[in-house]
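**Q** Count along the sequence shown from 1, add 154, and you get the number used in our numbering.
First the structure, then my questions, so here it is.
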Amino acid sequence: MRLNLLHASVSTCLALALLGCPKRVGSQSELDPTAREKLEAAKQQASSGNPQEALKLLEQVPDKESREVGEVLFEVAEKQLQARDFAGARSSYRELLARFPLFDKADLAKYHLGLAQLELKEYRDALQTLTPLYGRLSDAQRPEAATKLALAAEGARNWVEAVRWRAEALRQAKTIEDQTAEQQRIVELLESRVAFVDVARLAEETPVESPVWPLLHFKLARIFSHLRDQTRLKETLQALLEKAPNSPYASDARAMMERLEKRTAPKPDTVGLALPLSGKFKSFGESVLAGVKLALANSPVKIVTRDTAGDPAQARQAVTALAEDDQVIAIIGPVLSAESEDAAAEAEMEETPIVTLTRAEGITGEGPYVFRNMLTNSAQARALADYATRVRGLKKFAVLYPNIAYGTELANQFWDSLDKTQGTEVNGAESYDADQTTFAPIVQKLVGRYYLDQREEFVAKKKEIIDAVKDPFRQRKLLEDARKKLEPIIDFEALFIPDYFKNIGLVAPALAVEDVITNACDKRDLERIAKTTGKKPEEIKSVQVFGANGWNFPELVERGGKFVQCAIFVDGFFVNSDRKETRSFVDAFRKATGRDPGLLEASGYDTARILRTVIEGQRPQNRAALREALLKVKDFPGATGKTSFNKDREGEKPLFFLTIDRDEIRELDSEAKS
Numbered sequence: 155m156r157l158n159l160l161h162a163s164v165s166t167c168l169a170l171a172l173l174g175c176p177k178r179v180g181s182q183s184e185l186d187p188t189a190r191e192k193l194e195a196a197k198q199q200a201s202s203g204n205p206q207e208a209l210k211l212l213e214q215v216p217d218k219e220s221r222e223v224g225e226v227l228f229e230v231a232e233k234q235l236q237a238r239d240f241a242g243a244r245s246s247y248r249e250l251l252a253r254f255p256l257f258d259k260a261d262l263a264k265y266h267l268g269l270a271q272l273e274l275k276e277y278r279d280a281l282q283t284l285t286p287l288y289g290r291l292s293d294a295q296r297p298e299a300a301t302k303l304a305l306a307a308e309g310a311r312n313w314v315e316a317v318r319w320r321a322e323a324l325r326q327a328k329t330i331e332d333q334t335a336e337q338q339r340i341v342e343l344l345e346s347r348v349a350f351v352d353v354a355r356l357a358e359e360t361p362v363e364s365p366v367w368p369l370l371h372f373k374l375a376r377i378f379s380h381l382r383d384q385t386r387l388k389e390t391l392q393a394l395l396e397k398a399p400n401s402p403y404a405s406d407a408r409a410m411m412e413r414l415e416k417r418t419a420p421k422p423d424t425v426g427l428a429l430p431l432s433g434k435f436k437s438f439g440e441s442v443l444a445g446v447k448l449a450l451a452n453s454p455v456k457i458v459t460r461d462t463a464g465d466p467a468q469a470r471q472a473v474t475a476l477a478e479d480d481q482v483i484a485i486i487g488p489v490l491s492a493e494s495e496d497a498a499a500e501a502e503m504e505e506t507p508i509v510t511l512t513r514a515e516g517i518t519g520e521g522p523y524v525f526r527n528m529l530t531n532s533a534q535a536r537a538l539a540d541y542a543t544r545v546r547g548l549k550k551f552a553v554l555y556p557n558i559a560y561g562t563e564l565a566n567q568f569w570d571s572l573d574k575t576q577g578t579e580v581n582g583a584e585s586y587d588a589d590q591t592t593f594a595p596i597v598q599k600l601v602g603r604y605y606l607d608q609r610e611e612f613v614a615k616k617k618e619i620i621d622a623v624k625d626p627f628r629q630r631k632l633l634e635d636a637r638k639k640l641e642p643i644i645d646f647e648a649l650f651i652p653d654y655f656k657n658i659g660l661v662a663p664a665l666a667v668e669d670v671i672t673n674a675c676d677k678r679d680l681e682r683i684a685k686t687t688g689k690k691p692e693e694i695k696s697v698q699v700f701g702a703n704g705w706n707f708p709e710l711v712e713r714g715g716k717f718v719q720c721a722i723f724v725d726g727f728f729v730n731s732d733r734k735e736t737r738s739f740v741d742a743f744r745k746a747t748g749r750d751p752g753l754l755e756a757s758g759y760d761t762a763r764i765l766r767t768v769i770e771g772q773r774p775q776n777r778a779a780l781r782e783a784l785l786k787v788k789d790f791p792g793a794t795g796k797t798s799f800n801k802d803r804e805g806e807k808p809l810f811f812l813t814i815d816r817d818e819i820r821e822l823d824s825e826a827k828s
């Protein structure tokens, strides 16, 4: 038995000798006099604040495992740390802990090693060093240690750990100032650094008694609100209010719960209006409001109006108030492009159907709750291109447009629409400044009479004149006459001019000066031109001019005179239309207000009637049901035409095709060929 025990003891010692045993700083054999001298000198250097000299002397001590060597190493590291020699301190602490892992001040050495690593921005190493040590620290050490661990986690970009350690620092904080600082830092991390899934994980892992638990759940509730996950939003708010009813976030949580309940239970008979009813665009809002009131007269449908003042921020606030405070089931408006984008985004967030009356392209892209019922530039361009090619059979086009958003957008969209039609081509395009008053050069460029040196026939004639006539005055007269007789290059059958009536009154005569004939429907004028030019009426080449809704003003007839006769343009509403629904609306509006309506009044009227029909007929009890009902609106008979909402929630309808005939604007059958 003793032999077995002896054998086991020997084996154990042998194994330890082979593997190496951790050294405890304890009793050691006495040093020889030389080693003792070096060690004492090292102690003196360390105490005097000369750590580098102390380290050099320690290297000369033969027995480096001596208890006293470990103590000197620790003192050297401490002096280096105090002197802010963080790299040196890191090296000394590491050597100490590697050689003397059972050193009686090992935990303090590890803690100070972590601080040195933090100062050296070795954040991951500092986090790894300090984390397992935290539980063994004294209560007095923990407040500082928690803050240092939070800094290490932030430096390592480990945001979840950063929140955890900030929460611990908050728990350990002794003063109101420290508590406030930690609270603010946690908020910053949650707002800008921590991902949604990590917020959810932190909220689940954090105990209810933690001071950060209410903050995490309030942040989680805001995320669910942004994601429009009403089920989990409600669950999170309920938990927060039940378990932390007196937290700093309880008041906001109750307000969110109230808004959530209002959002899910709107008033099914109430429609909101978000319109500019003050400021420089006040007349726009009043026009829409007049149409809406006429449509909802003698109806159980109620309206609540909020002023947007033409301001995007106020428009967003108006939509929020309509959805949450007024609990409307749907919203009409706004009108202006800038405010409509913000209003549409807010309505989408509130999951409230909004039918905007803006021309801003792509507005319905804000989300599935955003609709539009208003004439757009793209709709005009498509309608004109379709009529010109399909009904009139035209193939060759030119474009003359002003350098403003209205002109460039319409020109580009018209061109794009033509590109989609096989066999069409655009042979000329010229632009001009919006404030331009002289259009002769622009038209000359369009028909090849401006850059004369590029016309071979003129170059030849010029050479002939110069060679034959030496008198400068006669040369100039003959060259001018040659220029006037130079035939214009009219390689287009139709000309699109997307401008407003004021400029059209100047552009149209400039076309005639350059022999571009645009009034082919006027037979008497064609006969006069034929006699003047010596041609037969059928030999005269004419150009069909097209325009957009900027043409639809009575003043155009007077300004343009005979030069705008026969032009064709479109609009979303025509007060003198023969359409039954349009006539009924115009008569009713005149009777109610004593004035003629325009596009805004008609669009507001039609939109309100669509909502009235859906609300009274289908009685949707929530906003989602109303949205689905709007998607099914097809060929609704309105003042602006038979309206249908397409898959993109855009209101589609046949536009009003107009022409100038016998000095007045009249409606044109969009399917007629002449």
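Using N, Cα and C, we set each Cβ at its ideal position, and we do this for glycine too.
Going by CA-CA distance only, name the one from 723, 780 and 784 that's closest to residue 809.
**A** Among 723, 780 and 784, the Cα nearest to that of residue 809 is on 723.
**Q** For the structure I just gave you, are there three or more beta carbon pairs, one from the stretch 385-397 and one from the stretch 334-344, closer than 8 Å?
**A** These segments do not touch.
**Q** How should residue 293 be labelled, buried or exposed, when 16 other C-beta atoms within 10 angstroms of its C-beta is the threshold for buried?
**A** Per the 10 Å Cβ criterion, exposed.
**Q** Since residue 664 and residue 672 should fall inside the 8 Å C-beta cutoff, what is the C-beta to C-beta distance between them, to a whole number of angstroms?
**A** Wrong, their Cβ atoms sit about 11 Å apart, outside the cutoff.
**Q** Classify residue 182 as helix, strand or coil using the three-state DSSP reduction.
**A** Here residue 182 scores only 44 on pLDDT, less than 50, and its place in the model should not be relied on; the value that follows carries that caveat. Residue 182 falls in the coil class under three-state DSSP.
**Q** Quick one: what does DSSP say residue 708 is sitting in, helix, strand or coil?
**A** If DSSP states are grouped into helix, strand and coil, residue 708 belongs with coil.
**Q** Kindly indicate which three-state DSSP category residue 785 falls into: helix, strand or coil?
**A** Correct three-state label for residue 785: helix.
**Q** Taking the beta carbon of residue 657 as the centre, do at least 16 other beta carbons fall within 10 Å, making it buried, or is it exposed?
**A** That one is buried.
**Q** Quick one: residues in its chain with C-beta nearer than 6 Å to the C-beta of residue 486, no 5 flanking neighbours on either side, listed in chain order?
**A** The answer, listed in chain order, is 427, 509 and 761.
**Q** In three-state DSSP terms, what is residue 731?
**A** It is coil, neither helix nor strand.
**Q** Just the C-alpha distance for residue 801 and residue 458, rounded to the nearest angstrom, thanks.
**A** Spanning the two alpha carbons is a distance of roughly 28 Å.
**Q** By the 10 Å Cβ neighbour count, where 16 or more other Cβ atoms means buried, how is residue 380 classified, buried or exposed?
**A** It is exposed - the Cβ of residue 380 has fewer than 16 other Cβ atoms within 10 Å.
**Q** Between which two residues does the beta strand (DSSP E) harbouring residue 496 extend?
**A** That residue, residue 496, is in no beta strand (DSSP E); its alpha helix (DSSP H) goes 491-504.
**Q** How should residue 814 be labelled, buried or exposed, when 16 other C-beta atoms within 10 angstroms of its C-beta is the threshold for buried?
**A** By the neighbour-count rule (16 or more Cβ atoms within 10 Å), residue 814 is buried.
**Q** Using three-state DSSP, classify residue 567 as helix, strand or coil.
**A** In the structure shown, residue 567 sits in a helix (DSSP, three-state: H, G or I).
**Q** Measuring straight from C-alpha to C-alpha, what distance separates residue 199 and residue 400?
**A** Rounded to the nearest angstrom, the two C-alpha atoms are 59 Å apart.
**Q** On the CB-based measure, 16 or more other CB atoms within 10 Å of its CB, does residue 228 come out buried or exposed?
**A** Classification for residue 228: buried.
**Q** If I follow the unbroken alpha helix (DSSP H) through residue 621, where does it start and stop?
**A** That run of the alpha helix (DSSP H) goes 610-622.
**Q** Nearest to residue 669 by CA position, among 576, 686, 659 and 675, is which residue?
**A** Answer by Cα proximity: 686.
**Q** Measure the CB-CB distance between residue 646 and residue 574 and report whether it falls below 8 Å.
**A** No. Outside cutoff.
**Q** Thinking residue 422 and residue 773 are a contact (beta carbons under 8 Å), I'd like their distance in whole angstroms, please.
**A** That belief holds up - the Cβ atoms of residue 422 and residue 773 are roughly 7 Å apart, short of 8 Å.
**Q** Hey, could you find the ends of the beta strand (DSSP E) residue 584 is sitting in?
**A** Here the beta strand (DSSP E) through residue 584 covers 579-586.
**Q** So, does the stretch 598-616 touch the stretch 562-573, judging by three or more C-beta pairs under 8 Å?
**A** No: fewer than three Cβ pairs fall under 8 Å.
**Q** Once you ignore the five residues that flank residue 831 on each side, which residues in its own chain have a CB closer than 7 Å to its CB?
**A** This structure gives no information on residue 831, because the portion of the chain shown stretches from 155 to 828.
**Q** With a 10 Å radius around its C-beta and 16 neighbouring C-beta atoms as the bar for buried, classify residue 179 as buried or exposed.
**A** Per-residue confidence for residue 179 stands at a pLDDT of 43, beneath the threshold of 50, marking its modelled position as unreliable; the derived number appears in the next sentence. When all chains shown are included, residue 179 counts as buried.
**Q** Check whether the Cβ atoms of residue 248 and residue 267 sit closer than 8 Å, and answer yes or no.
**A** A contact, by the Cβ cut-off of 8 Å.
**Q** Report yes if the C-beta distance between residue 460 and residue 472 is below 8 Å; otherwise report no.
**A** Contact flag set, yes.
**Q** Quick one: is residue 203 buried, meaning 16 or more other Cβ sit within 10 Å of its Cβ, or exposed?
**A** Counting Cβ neighbours within 10 Å, residue 203 comes out exposed, since fewer than 16 surround it.
**Q** If contacts are defined as beta-carbon pairs under 8 Å, then residue 505 and residue 777 qualify, I think. What distance do you get, rounded to the angstrom?
**A** Confirmed, about 6 Å.
**Q** Report, in whole angstroms, the separation of the C-beta atoms of residue 727 and residue 752, which I expect to be a contact under 8 Å.
**A** Confirmed, Cβ separation roughly 7 Å.
**Q** Decide if residue 653 is buried, meaning its Cβ has at least 16 other Cβ atoms within 10 Å, or exposed.
**A** With 16 or more other Cβ atoms within 10 Å, it is buried.
**Q** Please classify residue 722: does DSSP put it in a helix, a strand, or coil?
**A** Three-state result, residue 722: strand.
**Q** Quick one: residues in its chain with C-beta nearer than 6 Å to the C-beta of residue 585, no 5 flanking neighbours on either side, listed in chain order?
**A** Here the set comprises 555 and 557.
**Q** Locate the beta strand (DSSP E) running through residue 650, then write down its first and last residues.
**A** Taken as a continuous stretch (DSSP letters only), the beta strand (DSSP E) holding residue 650 covers 648-650.
**Q** Taking the Cβ atom as the reference point for each residue, do residue 324 and residue 365 lie within a distance shorter than 8 Å?
**A** Cβ atoms of residue 324 and residue 365: closer than 8 Å.
**Q** Could you tell me the alpha carbon to alpha carbon distance between residue 677 and residue 756, rounded to whole angstroms?
**A** Their backbone Cα atoms lie some 36 Å apart in a straight line.
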